[in-house]
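Novice: Numbering-wise, our numbering puts 550 at position 528 of the sequence shown, and it's gapless, one number per residue.
C-beta atoms are modelled at their ideal positions from N, C-alpha and C, and glycine is treated no differently.
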Amino acid sequence: MKIVSKHPIFVGTAILALSVAGLYGCTDFLTKNEVPQGTLDQSTLANQAGVEGSLIATYRELDCSNSTQGAGWGCAASNWVWGSVAGDDSYKGSDATDQPPINDIEGYHWSGPDGQSYINEKWQISYEGIARANATLRLLKQVVKANAGAITAADQAGIAGEAIFLRAHYHFEAWRMWGNIPYYREDDVDFRKPNLTVAQVTTELLKDLDSASKLLPATPRNGDKGRVSKWTALAYKGRVLVYSGQYAAAIPVLQNVKTAGPYGLETSFDRVWTGFGSAQDGPETILAYQASANDGEPNGENANYGERLNFAYSGSHFGCCGFNQPTQNLVNFFKVDGAGLPIALTSSPSNNPYDPAGTWNTSNAIFNASATDPVDPRIDWTVGRDQVPYKDWGVVNQATWVRDVSNGGPYTPKKNAHEKASGAESATGWQPTQLNSVHIHLYRYADLLLMLAEADVEAGGAAGMTEALGIVNSIRTRASQKVQGCGDASVAAIYPSCVGHTELAVKMGDPTISWAQYQIGLYPAFPSQAYAREAVRAERRIELALEGQRLYDLRRWGGAYGATASAYAKNAINGFIGGEGGGMEKARRPFLLAAAAFADKHLLFPIPDLQIQLSKVNGTSTLKQNTGW
Numbered sequence: 023m024k025i026v027s028k029h030p031i032f033v034g035t036a037i038l039a040l041s042v043a044g045l046y047g048c049t050d051f052l053t054k055n056e057v058p059q060g061t062l063d064q065s066t067l068a069n070q071a072g073v074e075g076s077l078i079a080t081y082r083e084l085d086c087s088n089s090t091q092g093a094g095w096g097c098a099a100s101n102w103v104w105g106s107v108a109g110d111d112s113y114k115g116s117d118a119t120d121q122p123p124i125n126d127i128e129g130y131h132w133s134g135p136d137g138q139s140y141i142n143e144k145w146q147i148s149y150e151g152i153a154r155a156n157a158t159l160r161l162l163k164q165v166v167k168a169n170a171g172a173i174t175a176a177d178q179a180g181i182a183g184e185a186i187f188l189r190a191h192y193h194f195e196a197w198r199m200w201g202n203i204p205y206y207r208e209d210d211v212d213f214r215k216p217n218l219t220v221a222q223v224t225t226e227l228l229k230d231l232d233s234a235s236k237l238l239p240a241t242p243r244n245g246d247k248g249r250v251s252k253w254t255a256l257a258y259k260g261r262v263l264v265y266s267g268q269y270a271a272a273i274p275v276l277q278n279v280k281t282a283g284p285y286g287l288e289t290s291f292d293r294v295w296t297g298f299g300s301a302q303d304g305p306e307t308i309l310a311y312q313a314s315a316n317d318g319e320p321n322g323e324n325a326n327y328g329e330r331l332n333f334a335y336s337g338s339h340f341g342c343c344g345f346n347q348p349t350q351n352l353v354n355f356f357k358v359d360g361a362g363l364p365i366a367l368t369s370s371p372s373n374n375p376y377d378p379a380g381t382w383n384t385s386n387a388i389f390n391a392s393a394t395d396p397v398d399p400r401i402d403w404t405v406g407r408d409q410v411p412y413k414d415w416g417v418v419n420q421a422t423w424v425r426d427v428s429n430g431g432p433y434t435p436k437k438n439a440h441e442k443a444s445g446a447e448s449a450t451g452w453q454p455t456q457l458n459s460v461h462i463h464l465y466r467y468a469d470l471l472l473m474l475a476e477a478d479v480e481a482g483g484a485a486g487m488t489e490a491l492g493i494v495n496s497i498r499t500r501a502s503q504k505v506q507g508c509g510d511a512s513v514a515a516i517y518p519s520c521v522g523h524t525e526l527a528v529k530m531g532d533p534t535i536s537w538a539q540y541q542i543g544l545y546p547a548f549p550s551q552a553y554a555r556e557a558v559r560a561e562r563r564i565e566l567a568l569e570g571q572r573l574y575d576l577r578r579w580g581g582a583y584g585a586t587a588s589a590y591a592k593n594a595i596n597g598f599i600g601g602e603g604g605g606m607e608k609a610r611r612p613f614l615l616a617a618a619a620f621a622d623k624h625l626l627f628p629i630p631d632l633q634i635q636l637s638k639v640n641g642t643s644t645l646k647q648n649t650g651w
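1. Quick check on the burial criterion: 16 or more other C-beta atoms within 10 angstroms. Buried or exposed for Asp209?
2. Can you say whether Lys357 is buried or exposed, counting buried as having 16 or more other CB atoms within 10 angstroms of its CB?
3. What is the DSSP secondary structure of Tyr285, counted as helix, strand or coil?
4. Can you tell which of Tyr205, Ala176, Leu331 has its C-alpha closest to the C-alpha of Trp452?
5. How would you label Lys167, buried or exposed, when you count the other beta carbons within 10 angstroms and need 16 or more for buried?
6. Rounded to whole angstroms, what is the Cα-Cα separation between Ala371 and Ser637?
7. If you drop the 5 nearest sequence neighbours on each side, which residues of the same chain put their C-beta closer than 7 Å to that of Leu228?
8. Taking DSSP as the reference, what is the three-state secondary structure of Lys357?
9. What residues in its chain sit with their C-beta under 6 Å from that of Asp408, if we drop five residues either side in the sequence?
10. For Lys54, which residues in the same chain have their Cβ closer than 7 Å to its Cβ, ignoring the five residues on either side in sequence?
11. Taking a contact to mean a Cβ-Cβ separation below 9 Å, would you say Asp469 touches Arg562 in this structure?
12. Under the rule that 16 or more other beta-carbon atoms within 10 Å means buried, what is Asp398, buried or exposed?
13. Rank Thr289, Ser459, Gly360, Gln277 by C-alpha distance to the C-alpha of Ala490 and give the top, closest one.
14. Give every residue of the same chain whose Cβ lies closer than 6 Å to the Cβ of Ala270, excluding the five residues on either side of it in the sequence, and list them in chain order.
15. Does DSSP classify Glu143 as helix, strand or coil?
16. Would you mind sorting Trp651 into buried or exposed? The rule is 16 or more other CB atoms within 10 Å of its CB.
17. Just curious, the alpha helix (DSSP H) that Gly183 is in, first and last residue?
18. Assuming contact is defined by CB atoms lying nearer than 9 Å, are Ile141 and Phe613 in contact in what I supplied?
19. In its own chain, which residues sit with a C-beta less than 6 Å from the C-beta of Leu363, not counting the 5 before and 5 after it?
20. Note the first and the last residue of the continuous beta strand (DSSP E) segment covering Ala345.
21. I'd like to know whether the C-beta atoms of Met473 and Val165 end up nearer to each other than 9 Å.
22. Within its chain, find whatever has a CB closer than 6 Å to the CB of Lys592; leave out the 5 residues flanking it on each side and keep chain order.
23. Please classify Thr642: is it buried, with 16 or more other beta-carbons within 10 angstroms of its beta-carbon, or exposed?
24. List the residues that DSSP assigns as beta-bridge partners of His463.
25. Taking only three categories from DSSP, how would you classify Asp408?
26. Is it the case that the Cβ atoms of Trp197 and Ile629 are separated by a distance below 9 Å?
27. Can you tell me which of Ile78, His463, Ala439 puts its alpha carbon nearest to the alpha carbon of Thr455?
28. Determine the extent of the beta strand (DSSP E) in which Ser112 is found, giving its start and end residues.
29. Give every residue of the same chain whose Cβ lies closer than 7 Å to the Cβ of Asn383, excluding the five residues on either side of it in the sequence, and list them in chain order.
30. Express the C-alpha separation of Gly109 and Val639 in angstroms, rounding to a whole number.
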């Protein structure tokens with residue numbers, strides 16, 4: 023949401039906060055024969071403070087929390103396990119023995135017990151969020167029924183709209199994973215509901231988003247940045263329409279958000295993922311998990327907990343843990359031709375990156391600092407490369423910053439890392455150097471624009487092709503504004519051009535840059551629908567790399583989400599492992615030799631067996647497993 027106030031929503035679990043406040047409010051409550059203090063009975067919650075607390079607790083489930091995290095990180099807000107590792111953007115990383123369930127996710131062995139543990143964790147956090155949204159709606163109705171004037175009409179509408187939107191978001195997260203899911207509203211009394219079909223869930227999502235958009239104000243309620251508004255719901259409606267293949271219906275919805283909504287592209291790419299408070303929740307933010315460090319929570323639990331594994335290893339400032347490492351395939355995708363366009367398109371005879379005859383992916387060499395190889399500047403805001411400045415933390419030293427090159431490759435993730443100068447690092451908690459207040463984008467404006475471009479290409483005719491070209495070029499123009507600078511005085515020891523220069527972000531072509539040849543060009547035209555389609559898809563990969571979107575994109579391209587035969591996804595994932603653009607990951611990372619072939623069943627994740635067992639009524643499961651599992 024766009025910033026309209028300097029007051030953020032508190033992201034801690036509000037119900038817990040109410041309980042703790044009561045506990046410390048009476049130090050001798052155990053010795054008194056009266057109503058226990060610190061309990062959460064109906065009288066405690068049945069007021070506006072209780073309703074608002076329940077709503078904040080619903081927001082809190084956007085990322086891992088104590089109530090939903092098991093032994094892993096399947097609950098991470100960014101979906102790094104599901105969208106990036108299970109796609110072709112990143113390896114699990116670290117070493118083979120750490121978090122072994124992700125090995126099964128990465129190898130497409132999703133029905134085994136290890137993989138199931140993570141998959142069940144994602145189910146838990148999705149449906150915990152839904153349960154909290156519905157609990158908020160029920161509590162709201164109870165309070166208003168008991169006292170019609172207890173909450174103003176405007177707040178009643180706003181609270182209901184926020185809860186309904188969040189219910190839709192959590193169902194959308196489940197729908198992207200499993201397709202055929204049960205849908206719960208506040209009047210449901212039995213959780214053992216049968217699955218709906220993918221199409222039926224789409225209808226329910228759109229119904230909730232329409233309701234939310236009518237109830238929500240145009241700007242975040244109470245001026246709290248982080249709360250959803252009607253524009254969040256409308257933007258999300260366009261997203262669901264694109265996912266479901268309803269391109270013609272999506273175009274006017276997304277165009278309305280584009281022309282009349284409060285969103286816009288950030289002025290430069292370095293301001294999109296950042297720990298600097300001045301750039302957080304800016305015009306590009308549609309929905310984000312508002313990670314919060316140093317807010318009084320003693321273990322740093324409100325910080326970016328779901329991302330805490332995804333930092334450079336012990337030789338770096340961060341000290342651990344080396345997960346979510348960019349693939350060689352992704353790094354090669356950032357290379358550009360003489361015109362500054364992706365060689366993934368221009369070097370492939372069919373202009374399709376998944377063409378085995380292409381040459382964009384032939385290099386197996388570690389792509390370290392290079393003053394001669396032209397690259398899209400977004401590579402060094404996304405990937406940590408050896409001898410390249412890492413924001414303002416000095417240059418990457420692959421020998422110590424990477425845990426196990428043979429297992430996870432030589433690169434480190436970068437978007438989720440905070441800047442040293444930002445003050446966003448936690449001062450408390452386990453390995454606090456890995457905890458920060460970098461807000462995790464769940465949906466941002468560049469994503470929306472590229473969905474509009476996608477819909478334009480598929481259903482917009484000649485006018486749509488023109489709009490799509492303009493959108494892609496606007497995003498590329500923004501990417502050219504600022505590139506990685508020296509960042510820290512220590513860089514001058516390697517690059518003398520950095521003496522006296524510590525700017526984090528500089529203009530492309532700045533004379534201090536000695537580690538890369540940044541180059542990005544605009545498309546002069548889209549000569550065909552097929553070319554436009556691949557250009558838009560390539561732009562999504564480059565712009566949204568390591569943001570947990572990749573597998574979901576691949577699975578929906580070539581058909582509505584949840585379709586039973588998306589050849590595009592199968593070609594992409596099997597090509598990633600077995601050979602596309604002249605390179606194969608199973609030769610680069612031998613553990614992928616044991617990966618299963620990506621088949622029709624992988625277009626949806628298996629529903630956790632535990633949830634199927636829990637759904638039994640009189641010995642018969644109401645939840646049905648997805649086809650093939």
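Specialist: On the basis of the supplied data:
1. exposed
2. buried
3. coil
4. Leu331
5. exposed
6. Looking at the sequence shown, residue 371 is not Ala but Pro. Those two C-alpha atoms are separated by around 51 Å.
7. Lys259, Val262
8. strand
9. Asn390, Val418, Gln420
10. Low confidence applies here, because Lys54 scores a pLDDT of 38, under 50, leaving its location unreliable and the question unanswered by this model.
11. yes
12. buried
13. Gln277
14. Ala481
15. helix
16. exposed
17. 175-200
18. no
19. Gly543
20. What sits at residue 345 in the sequence shown is Phe, not Ala. First-last of the beta strand (DSSP E) with Phe345: 345-348.
21. no
22. Phe620
23. exposed
24. Ala310
25. strand
26. no
27. Ala439
28. 112-115
29. Asn351, Asn354, Glu602, Gly603, Gly604, Gly605
30. 36 Å
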